[in-house]
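K.L.:
Okay, so the sequence shown: first residue is 1 according to the UniProt record's numbering, each after it adds one.
Quick reminder that beta carbons are idealized off the backbone N, C-alpha and C, glycines included.
Predicted model, so just to flag it, every value in this text is computed and none were measured.
Below is the structure I would like to discuss, written out as structure tokens.
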Amino acid sequence: MKRIIKIFRILFIIFSVIFLVVYFLLINAWKYDFTENELQPYFSEIRKSENLPELFYKYYDLDNDNSLETKTGEYLFKSIFYHRTSRPLSFWLAKQMYIPKMKNRNSINRIRIEMSLAMKIEKETSQKEQLNYTLSTVDFVNNQIGVKNASKFYFGKEITELNENEIASLIVMTRNPALYNPKRRPEKLKAEVEKLLKK
Numbered sequence: 001m002k003r004i005i006k007i008f009r010i011l012f013i014i015f016s017v018i019f020l021v022v023y024f025l026l027i028n029a030w031k032y033d034f035t036e037n038e039l040q041p042y043f044s045e046i047r048k049s050e051n052l053p054e055l056f057y058k059y060y061d062l063d064n065d066n067s068l069e070t071k072t073g074e075y076l077f078k079s080i081f082y083h084r085t086s087r088p089l090s091f092w093l094a095k096q097m098y099i100p101k102m103k104n105r106n107s108i109n110r111i112r113i114e115m116s117l118a119m120k121i122e123k124e125t126s127q128k129e130q131l132n133y134t135l136s137t138v139d140f141v142n143n144q145i146g147v148k149n150a151s152k153f154y155f156g157k158e159i160t161e162l163n164e165n166e167i168a169s170l171i172v173m174t175r176n177p178a179l180y181n182p183k184r185r186p187e188k189l190k191a192e193v194e195k196l197l198k199k
């Protein structure tokens, strides 16, 4: 019995050391392609993005399985056990940042660096700041970049004047602005908005 306990302790120590080494390598992988000075202006831009009305955060979170509450480490753990797990916004932002440099990397290194960048983004900015920035840069088609322009174009209102249905519509549109477009496919958008409002 003592021998079995000793073996378990040794295995636990080995796996703990491996985990710490892998985690350290992952968390610092962004340094292969970026410097701190390159990243800081990007983080500053995310932090400066204008706050949205609270209902945007609520409906984004409902539409994306509480991804505003989920960080990269938790996402990776959940994705082992659950097939459909929404990625944190930091993943999308990391991918956008990394596109100009990813040509030089194979897919495994690219994923590793994107995950590392996502963790760095989460360390430097809040989830709400990330959503503010993302919704200010999303292409809502019809030459409408950002949620403010989309609000005026599709609903003739400032974002502070939108009702719950209109906010939910803009959140659904972020999934696929061409597919869920109120000008082209209002019935498709309406069906998805109704589902979201019932959550």
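Could you pull the DSSP bridge partners for residue 145 from this structure?
P.N.:
For the purposes of this step, residue 145 is taken as residue 145 along the sequence shown, with counting starting at 1. DSSP lists 139 as partners of residue 145.
K.L.:
Can residue 172 and residue 193 be called in contact, C-beta distance under 7 Å?
P.N.:
Start at 1 with the first residue of the sequence shown, and residue 172 comes out as number 172. Start at 1 with the first residue of the sequence shown, and residue 193 comes out as number 193. Taking 7 Å as the Cβ cut-off, residue 172 and residue 193 qualify as a contacting pair.
K.L.:
Do residue 186 and the ligand ATP come close, with the Cβ less than 6 Å from some heavy atom?
P.N.:
Here there are no bound small molecules, and the ligand ATP is not part of this structure.
K.L.:
When you compare only the Cα positions, how much space is there between residue 61 and residue 128?
P.N.:
Numbered from its first residue, the sequence shown carries residue 61 at position 61. Numbered from its first residue, the sequence shown carries residue 128 at position 128. In a straight line, the C-alpha of residue 61 is about 10 Å away from that of residue 128.
K.L.:
Which complete alpha helix (DSSP H) runs does the UniProt domain "Glycosyl transferase family 51" (94 to 198) hold, if anything under 4 residues is left out?
P.N.:
Counting only runs of 4 or more, we get 107 to 124, 127 to 137, 147 to 155, 164 to 173 and 186 to 198.
K.L.:
Excluding sequence positions up to five away, which residues of its chain have a Cβ less than 8 Å from the Cβ of residue 157?
P.N.:
Residue mapping note: residue 157 aligns to position 157 of the sequence shown, counting from 1. So the qualifying residues of the chain are 151 and 166.
K.L.:
Does the beta-carbon of residue 25 have 16 or more other beta-carbons within 10 angstroms, so that it is buried, or is it exposed?
P.N.:
As a first step, residue 25 must be located in the sequence shown, where it is residue number 25. By the 10 Å Cβ count, residue 25 comes out exposed.
K.L.:
If I'm right that residue 113 touches residue 98 with Cβ under 8 Å, what's the distance once you round it to whole angstroms?
P.N.:
Here residue 113 corresponds to residue number 113 of the sequence shown, with the count starting at 1. Here residue 98 corresponds to residue number 98 of the sequence shown, with the count starting at 1. With a Cβ gap of about 6 Å, residue 113 and residue 98 count as contacting.
K.L.:
Please give the ranges of any alpha helix (DSSP H) in the region 14 to 82, keeping only runs that are unbroken, at least 4 residues long and fully inside the region.
P.N.:
Listed in chain order, the complete alpha helix (DSSP H) runs (minimum 4 residues) inside the region 14 to 82 are 36 to 48, 54 to 63 and 72 to 81.
K.L.:
State the DSSP-derived secondary structure class of residue 90, mapped to helix, strand or coil.
P.N.:
Here residue 90 corresponds to residue number 90 of the sequence shown, with the count starting at 1. Helix.
K.L.:
Please report how far the alpha carbon of residue 160 lies from the alpha carbon of residue 55, in whole angstroms.
P.N.:
The residue you call residue 160 lines up with position 160 of the sequence shown. The residue you call residue 55 lines up with position 55 of the sequence shown. Near 10 Å, if we compare the C-alpha coordinates of residue 55 and residue 160.
K.L.:
Beta carbon of residue 189, beta carbon of residue 180: below 7 Å?
P.N.:
Taking the sequence shown and counting its residues from 1, the one referred to as residue 189 is at position 189. Taking the sequence shown and counting its residues from 1, the one referred to as residue 180 is at position 180. Yes. Within cutoff.
K.L.:
With 16 other CB atoms within 10 Å as the buried threshold, where does residue 182 fall?
P.N.:
Residue numbering aside, residue 182 sits at position 182 when the sequence shown is read from its first letter. That one is buried.
K.L.:
Measuring only the C-alpha atoms, how far is residue 2 from residue 9?
P.N.:
Counting from one through the sequence shown, the residue named residue 2 turns up at place 2. Counting from one through the sequence shown, the residue named residue 9 turns up at place 9. Spanning the two alpha carbons is a distance of roughly 11 Å.
K.L.:
Going by Cα to Cα distance, which pick from 131, 132, 94 and 101 is closest to residue 115?
P.N.:
For the purposes of this step, residue 115 is taken as residue 115 along the sequence shown, with counting starting at 1. Checking every option, the nearest Cα to that of residue 115 belongs to 94.
K.L.:
Just the Cα atoms here: how many angstroms apart are residue 185 and residue 191?
P.N.:
Counting from 1 along the sequence shown, the entry for residue 185 is found at position 185. Counting from 1 along the sequence shown, the entry for residue 191 is found at position 191. The straight-line gap from Cα to Cα measures roughly 10 Å.
K.L.:
When you compare only the Cα positions, how much space is there between residue 47 and residue 133?
P.N.:
What you label residue 47 is simply residue 47 of the sequence shown in a count that begins at 1. What you label residue 133 is simply residue 133 of the sequence shown in a count that begins at 1. So the alpha carbons of these two residues sit roughly 8 Å apart.
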